[in-house]
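Residue numbers (the UniProt record's numbering): 1 to 653.
Have a look at the structure below, then the notes.
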Amino acid sequence: MITERNFSIIEDPSCSFTYEHFTDPVKYSLLTFPQKQKLYNDNPASAYWINTDIQFKAYQKTKWILEVLAIHTEEIDLYLFEDGKLIQSRKTGEKYSFYERDYPTKNIIFDLPFKANHNYQLLLRLKSQHHIPFQFKIRSQQYFSYYSTHEYLYLGIYYGILLIITLYNALIYTSTKEKVYLYYVIYVLTAILLSLTEDGFGFQFIWKNYPEVIPYLYKYIAPSLFLCSSVFYFDSFMGLKRRFPVIRLVVFGTVAIYFLFFSLNFIYIKFNFPSYIFYAIPFLVVLCCTLYMAIRSYYPARIFIIAYTFICVSIIIKILQVLSIVKPNILTTYSFNYGITFEVVLLSFALADRFRTIKREKERAQKAMIQELKENQLLKDQLILEYKKNEALNEKATKELEAQVAERTRELQEKNIELDTFVFKASHDIKGPLKSIIALTKIGMKDIQDPAAEPYMQHILKSSEKLDKLLFDLLSITKVKKTNLIYEIIDFSVLVEDAISSFKNFPEFSSMVFDIQINEAIKFYSDKNLIKSIIQNLIENPIKYRDLNKYESFLKIKIECDDEEARLIFTDNGLGIAPEYHTKIFDMFCKANENSNGTGLGLYIVKIALEKLNGKVTLQSEPGEGSCFSVVIPNPKKNNTSEEYEEIIHHKN
């Protein structure tokens, strides 16, 4: 191996030196040699020249090669002098196509045509924007073939292990859908990418025609992806968000600081020390946090701390190797590969154990659920049996209750019929004598001689007329209830005019103003007597309860008909009805004003008549502002069967 003892290093800040500066005594005397040689390119902007003299005394007929161990050297020029004469000049490096190399291997190899008992001067010019160690070896071709074959075998095993682990955890993720397995798959894939850039396999087998991408992959992309995937996997595996939020903040904050350095170094400021120093900090912080969690008796951290130690150690060895503090050998060169291999194997065991634990928990939960389902099914069967028993009892009780209700309903109907019949007969029996009393009282008032008797006669007449009105309303109620519906064409104009004319003899009639709007676009069919009763009572109501304090009392009647229904709106400016009476006003004998002379049956008649016609009435009213009654009566064509409609047509004709 070419060591620090037998070669000299000259920095070329302007990158203008040629090999003549080392072969021409005059130019060579002008060179400045550093007092202490650094075995790596301290300033990546400079070129470095390495000069060594070799006295070759081997007699065996063996071919020799020069192996450059810093595979990420972008430019390397070799000049070989034999007894002061230039016999070989070669240029290669990572910035050139892979096909331009003398040997199709991941390392940079030069042939050395050494002859026995000759003196040689080996001159190397190196330039790279990365920090690289100045490490070289002169080997025989035979030994190089031996060790490189084994090297490729071990690297093949390494990548095979990572790919198998990736496939295994990808299958577990598809089964469990837990994000920790997905993060682990991404983590291993980024480790593969980083390894391909570190050991030169990627340049040899994947991007051999694109050397321009190597600086970005090697220095920025691959390390950044590996760091991010490592931190996200650590976060998911440890459950930091739920268990250790402060540690999560520290870890992600450290990563953010690294990326700040990363951005400054990439865009603006160029630091003259290896970026691996900053790169190692987030991993060391993760290791310290894992140690803290292990001390807190968090079991997953114990496995993770062992696995993560290998990564941290491998990164530290990489830094020491770049700084040429550690000599290259099979252990230091592939320390990252060893670290990744041990780590992914340990973490795979941890994830497999996690999977087995989750599986056991699921099996226990399933067994508990099955047992619970069996108990629930048994309870359900018992409840169904009890329900069927209760249902049989309820059905029997329901039938008995229905029979009792039917019997009570029949009895009530009979009593109602008897009561209606009694009211009808009694009203008829009373009505005749009552009419005679009213007539005789009116005649008696004409011939009265005693002035003191006149108030009594007026009281008799007023009471008799009030009783006559009550009998008339009771008879109207009985008729409405007993009415068999007969559908015929309704002429609302005639019915309204007849109703208004019937109140002309009322003392209050002269103070009323009527506004009538009737739009009969189509022929409307209904029971004429019921419609007449509804209109009669809704016109009589505002006449009786007009506001005497108002100069003019009015009643607006608006009637519209269409295929669906007839809408009757009666609006007045009378006394109005208080809100608490809005639902009671349609009850029998209900009067909003106790001082009125009404019977309290008019609006009740409206209600039962509309019930017979499947109609409805609504009220809007405020005291002192009047009332608005809105009546809706459905068109029987839309609400009856075809047989009923034929009956309507029959009555119409």
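Glycine included, every Cβ here is placed at the ideal spot set by N, Cα and C.
Since we're looking at a predicted model, the values are computed, not measured.
Using the C-alpha atoms, what's the distance from leucine 568 back to isoleucine 534? 10 Å
Would DSSP call phenylalanine 33 helix, strand or coil? coil
Using 10 angstroms around the beta-carbon of proline 636, count the other beta-carbons present and answer buried if the total reaches 16, otherwise exposed. buried
Mapping DSSP to helix, strand and coil, what is valine 513? strand
What does the alpha-carbon distance come out to for the pair serine 501 and proline 542? 15 Å
For asparagine 519, the three-state DSSP class (helix, strand or coil): strand
Looking at the strands, I want to know which residues DSSP matches up with isoleucine 76. Thr92 and Leu126
For glutamine 121, does the three-state DSSP call read helix, strand or coil? strand
Might you give, ordered along the chain, the residues of its own chain that have their beta carbon closer than 8 Å to the beta carbon of tyrosine 283, omitting 5 neighbours on each side? The sequence shown places phenylalanine at residue 283, not tyrosine. Here the set comprises Leu227, Ser230, Tyr308, Ile311, Cys312 and Ile315.
Terminal residues of the continuous beta strand (DSSP E) containing alanine 566? 565-572
DSSP three-state call for valine 326: helix, strand or coil? coil
Which same chain residues, not among the five before or five after valine 255, have their C-beta less than 6 Å away from its C-beta? Val231 and Pro282
Does the distance from the C-beta atom of threonine 197 to that of leucine 217 stay below 8 Å? yes
Given a cut-off of 8 Å on the beta-carbon distance, is the pair tyrosine 79 and leucine 30 in contact? no
So, with DSSP's three-state summary, where would you put isoleucine 384? helix
My assumption, with CB atoms under 8 Å, is that leucine 126 sits in contact with glutamate 75. Please give the rounded CB distance. 7 Å
Report the residue from Glu361, Ala294 and Thr341 whose alpha carbon sits nearest the alpha carbon of tyrosine 158. Thr341
In the DSSP assignment, the beta strand (DSSP E) including isoleucine 65 goes from what residue to what residue? 64-68
Which residues mark the beginning and the end of the beta strand (DSSP E) in which serine 621 is found? 616-622
Three or more C-beta pairs closer than 8 Å, one from the segment 623-630 and one from the segment 561-579: is that the case here? yes
Does the segment 355-374 come close enough to the segment 201-211 that 3 or more CB-CB pairs lie under 8 Å? no
State the start and end residues of the unbroken beta strand (DSSP E) segment that holds isoleucine 9. 7-12
Limits of the unbroken beta strand (DSSP E) element including asparagine 51: 47-56
Are there 16 or more other CB atoms within 10 angstroms of the CB of proline 455, so buried, or fewer, so exposed? exposed
Within 8 Å, do at least three Cβ pairs link the segment 107-120 to the segment 38-49? no
I believe isoleucine 165 touches serine 8 by the beta-carbon criterion, under 8 Å. Please report the beta-carbon distance rounded to the nearest angstrom. Not quite, the Cβ-Cβ distance comes to about 47 Å (not below 8 Å), so this is no contact.
Cα-Cα separation, isoleucine 633 to isoleucine 460: 41 Å
For alanine 222, which option in Asp199, Leu331 and Ser97 has the closest C-alpha, if you only look at C-alpha atoms? Asp199
8 Å CB neighbourhood of phenylalanine 17 in its chain, flanking five on each side removed: Ile10, Ala47, Trp49 and Arg125
Quick one: complete beta strand (DSSP E) runs, 3+ long, within the segment 147-198? none
Would you kindly work out how many angstroms separate the C-alpha atoms of isoleucine 54 and lysine 63, rounded to a whole number? 15 Å
Would you tell me roughly how many angstroms separate the C-alpha atoms of lysine 607 and alanine 452, rounded to the nearest one? 45 Å
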